[in-house]
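Under our numbering, the final residue of the sequence shown carries the number 138; numbering is consecutive throughout.
Yeah, the Cβ is synthetic: ideal placement off N, Cα and C, and Gly gets one too.
Being a predicted model, the structure only gives us computed values, none of them experimental.
Worksheet: one structure, shown below.
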Amino acid sequence: MNTLIRIIALSALPLLAATAAAEVTQDCIVEGTVNKQKAREAGKDVYLRFHSASRASNDASCHLNRQGSRVVFKEPRNALIENAPDGATVQYRYTELNHQQGQWTLLNVSL
28 MNTLIRIIAL SALPLLAATA AAEVTQDCIV EGTVNKQKAR EAGKDVYLRF HSASRASNDA
88 SCHLNRQGSR VVFKEPRNAL IENAPDGATV QYRYTELNHQ QGQWTLLNVS L
């Protein structure tokens with residue numbers, strides 16, 4: 028039994044080291060508004076107009092500038108916001124590790 032526990036512990040070490048080495052380079056709470064007219068004009072299911080971004084934690088900064096930024100909002104597939112009414116407020120958390128492509132997590136949709 029001790030051997031099995033050692034094997035499991037040793038195999039988990041690389042995963043823990045990789046996680047610990049990941050640097051959070053962006054961590055933002057981003058808020059926007061659903062704009063159905065703009066979505067129709069752009070031929071998309073959903074269009075969000077983001078109007079604010081604030082720091083989500085003290086672990087990383089939040090610098091989302093509009094020009095020259097590598098932050099790109101990817102239109103979600105089968106997302107809750109596809110059915111959100113025009114004018115609904117949407118809140119996402121944007122997290123970026125090691126200056127790589129970020130991840131968008133839906134936090135809230137207010138109707």
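Remark: C-beta atoms of Val-117 and Val-99 do not approach each other more closely than 7 Å. Here the alpha carbon of Glu-50 sits roughly 32 Å from the alpha carbon of Val-61.
Assigned with DSSP and collapsed to three states, Gln-128 falls in coil, not helix or strand.
The DSSP-derived three-state label of Asn-110 is helix. In this structure, DSSP gives Glu-123 an extended state, which the three-state scheme calls strand.
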